[in-house]
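Here my numbering is used: position 59 in the sequence shown is 199, and no number is missing along the way.
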Amino acid sequence: MTMEGFTEEIGDHLKLGSVFTFRVTVLQASGILPEYADIFCQFNFLHRHDEAFSTEPLKNNGRGTPLGFYHVQNVSKASCEQ
């Protein structure tokens, strides 16, 4: 089995029906204008625009220093052909 855009075979860890877990980590946000008081980071996956993940909001101190989210989101999905 090969994935679109990849020329190598998929490894044994991605057998159909097996659960694949990966981790998304949001460390910091920088360059936030002082006009924005509460900052959060939201992300989704290209194939699932209807499902979003979000960090808790942080107060922007307005000093231009990076905001430390240090948010970790584990995502698990059973592998399938789509």
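Note that the Cβ used here is the ideal one computed from N, Cα and C, for glycine as well.
Assumed close pair residue i, residue j - CB separation to whole angstroms, cut-off 8 Å
i, j, result
"Phe209", "Leu167", "7 Å"
As assigned by DSSP and simplified to three states, the class of residue i
i, result
"Leu156", "coil"
"Phe180", "coil"
"Arg203", "coil"
"His211", "strand"
"Phe146", "For Phe146, the pLDDT reaches just 49, beneath the cut-off of 50, and the residue's location in the model is therefore unreliable, although a value from the coordinates is still provided. Three-state DSSP puts Phe146 in coil, outside helix and strand."
"His187", "coil"
"Ser216", "strand"
"Thr165", "strand"
"Leu173", "coil"
Candidates the options: closest to residue i by CA position
i, options, result
"Phe160", "Ser216, Asp178 and Glu221", "Ser216"
"Arg203", "Phe193, Gly171, Ser194 and Asp190", "Gly171"
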